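J.: Residue numbers (this note's numbering): 28 to 304. Heads up, the beta-carbon is just placed ideally off N, CA and C, and yes, glycines get one too. Here the structure is a predicted model, which is why all the values come from computation and not from measurement.
Next comes the structure, spelled out in structure tokens:
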């Protein structure tokens with residue numbers, strides 16, 4: 028948009044310059060000035076078309092990437108929710124590729140990351156927080172904004188923390204949208220906790236908190252272990268470049284500790300997101 032505005036300004040300046048030249052040449056030079064003006068307009072329009080094509084290519088590729096994460100169907104959603112709640116017996120976590128070698132969309136591959144469930148769970152979390160507080164007579168309009176902002180801040184901190192940690196340990200480059208998908212699944216468990224607290228009492232809610240965190244934490248550990256292997260590139264991390272760089276087995280051990288720390292922190296995040304009820 029900024030490039031298009033700059034091009035428009037350049038076209039305007041060129042047109043003004045051509046008009047000034049025409050006025051200076053007088054009536055006898057009117058035809059020449061008009062020709063110069065047309066040339067300036069043609070150059071400006073050509074530049075605008077190139078900028079518009081480049082902008083369309085960029086936005087088109089970005090939207091295509093987002094479309095991949097939302098390419099789901101009812102069967103996938105049901106199976107994914109079942110996997111989120113009972114991930115303990117599953118052994119295969121590597122997504123299968125299509126015939127073209129690209130990752131299959133979520134509707135065709137259960138192990139593919141998606142943003143549909145995290146987005147819907149996040150919206151449901153905000154509504155569930157309002158419902159739970161309303162059932163206790165403590166609802167105010169500010170509750171929805173506070174719940175949404177708290178969820179986004181925690182999601183941002185967790186995604187950035189995971190990305191930075193695994194890059195520093197062994198140079199793993201994790202896609203931000205993949206991390207948003209993985210970390211966003213926690214809102215499924217938080218919604219269940221809020222519903223349990225509102226309908227069945229705090230004791231049942233805290234019990235469900237532990238169970239849901241065990242499930243979501245296990246899912247995240249297994250998913251992130253696959254992503255870290257997939258995301259390892261040729262560029263080593265900052266720590267692994269040091270003189271006292273640990274051996275590969277030590278790096279792997281550090282990575283496993285970090286993975287289990289991520290899983291354990293789900294208890295903290297889920298408790299914070301649901302503690303107001």
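(1) Could you work out which residue in 97, 179, 106 and 117 is closest to residue 296 when comparing CA atoms only?
(2) If we count Cβ pairs, one from each stretch, closer than 8 Å, do we get three or more for the stretch 136-143 versus the stretch 172-192?
(3) How many whole angstroms separate the CB atoms of residue 250 and residue 193, which I take to be in contact at a CB cut-off of 8 Å?
(4) If contacts are defined as beta-carbon pairs under 8 Å, then residue 107 and residue 137 qualify, I think. What distance do you get, rounded to the angstrom?
(5) In whole angstroms, what is the alpha-carbon distance linking residue 278 and residue 167?
(6) With residue 104 as the anchor, note down where its alpha helix (DSSP H) starts and where it stops.
(7) Under 8 Å, do residue 216 and residue 242 count as touching if we go by C-beta distance?
(8) By Cβ distance below 7 Å, which residues in the same chain neighbour residue 132 in space, the five residues on each side in sequence not counted?
(9) Nearest CA to the CA of residue 118: which residue from 203, 248, 291 and 190?
(10) Please report the straight-line C-alpha distance between residue 105 and residue 177, rounded to a whole angstrom.
(11) Alpha helix (DSSP H) containing residue 182: first to last residue?
(12) Expressed to the nearest angstrom, what Euclidean distance is found between the alpha-carbon atoms of residue 124 and residue 230?
(13) Tell me which residue opens and which closes the alpha helix (DSSP H) that residue 151 is part of.
(14) Out of 196, 197, 202 and 195, which has the shortest C-alpha to C-alpha gap to residue 186?
(15) Near residue 181, which residues of its chain fall below 6 Å by C-beta distance, leaving aside the five closest residues on each side in sequence?
(16) Taking the CB atoms as reference points, tell me whether residue 159 and residue 225 lie closer together than 8 Å.
(17) Rounded to the nearest angstrom, what separates residue 218 and residue 240 at their Cα positions?
(18) Residue 220 to residue 111, Cα distance in whole Å?
(19) Do you know how far the Cα of residue 116 is from the Cα of residue 206?
(20) Tell me whether residue 124 sits in a helix, a strand or coil according to DSSP, three-state version.
(21) For residue 201, does the three-state DSSP call read helix, strand or coil?
T.: Short version:
(1) Along the chain shown, one-based indexing puts residue 296 at 269. Nearest of 97, 179, 106 and 117 to residue 296, Cα basis: 179.
(2) no
(3) Residue 250 sits at position 223 when you count from the first residue of the chain shown. Residue 193 sits at position 166 when you count from the first residue of the chain shown. That belief does not hold up - the Cβ atoms of residue 250 and residue 193 are roughly 13 Å apart, past 8 Å.
(4) In the chain shown, residue 107 corresponds to position 80, counting from 1. In the chain shown, residue 137 corresponds to position 110, counting from 1. Right, their Cβ atoms sit about 6 Å apart.
(5) For the purposes of this step, residue 278 is taken as the residue at position 251 of the chain shown. For the purposes of this step, residue 167 is taken as the residue at position 140 of the chain shown. Using only the alpha carbons, I get a separation of about 49 Å.
(6) As a working mapping, residue 104 is identified with position 77 in the chain shown. Residues 101-112.
(7) Taking the chain shown and counting its residues from 1, the one referred to as residue 216 is at position 189. Taking the chain shown and counting its residues from 1, the one referred to as residue 242 is at position 215. Yes. Within cutoff.
(8) As a first step, residue 132 is located in the chain shown; it is residue number 105 there, counting from the start. Correct list, in chain order: 95, 98 and 139.
(9) Locating residue 118 in the chain shown gives position 91, counting from the first residue. Of 203, 248, 291 and 190, the residue nearest in Cα terms is 248.
(10) In the chain shown, counting from the first residue as 1, residue 105 sits at position 78. In the chain shown, counting from the first residue as 1, residue 177 sits at position 150. Near 27 Å, if we compare the C-alpha coordinates of residue 177 and residue 105.
(11) Residue 182 sits at position 155 when you count from the first residue of the chain shown. Where residue 182 is concerned, the enclosing alpha helix (DSSP H) stretches over 169-197.
(12) As a first step, residue 124 is located in the chain shown; it is residue number 97 there, counting from the start. As a first step, residue 230 is located in the chain shown; it is residue number 203 there, counting from the start. Cα to Cα, the separation comes out at about 44 Å.
(13) Your numbering for residue 151 matches position 124 in the chain shown. Residue 151 -> alpha helix (DSSP H) spans 143-162.
(14) One-based indexing of the chain shown puts residue 186 at position 159. Of 196, 197, 202 and 195, the residue nearest in Cα terms is 202.
(15) The residue labelled residue 181 in the question sits at position 154 within the chain shown. Contacts found: 296.
(16) Your numbering for residue 159 matches position 132 in the chain shown. Your numbering for residue 225 matches position 198 in the chain shown. Yes, the pair counts as a contact, with Cβ atoms nearer than the cut-off.
(17) As a working mapping, residue 218 is identified with position 191 in the chain shown. As a working mapping, residue 240 is identified with position 213 in the chain shown. Spanning the two alpha carbons is a distance of roughly 12 Å.
(18) If you number the chain shown from 1, residue 220 lands on position 193. If you number the chain shown from 1, residue 111 lands on position 84. Answer to the nearest angstrom: the Cα atoms are 15 Å apart.
(19) Taking the chain shown and counting its residues from 1, one reaches residue 206 at position 179. Taking the chain shown and counting its residues from 1, one reaches residue 116 at position 89. Roughly 23 Å separates the two Cα atoms.
(20) As a first step, residue 124 must be located in the chain shown, where it is residue number 97. It is a strand residue.
(21) Numbered from its first residue, the chain shown carries residue 201 at position 174. Coil, per DSSP.
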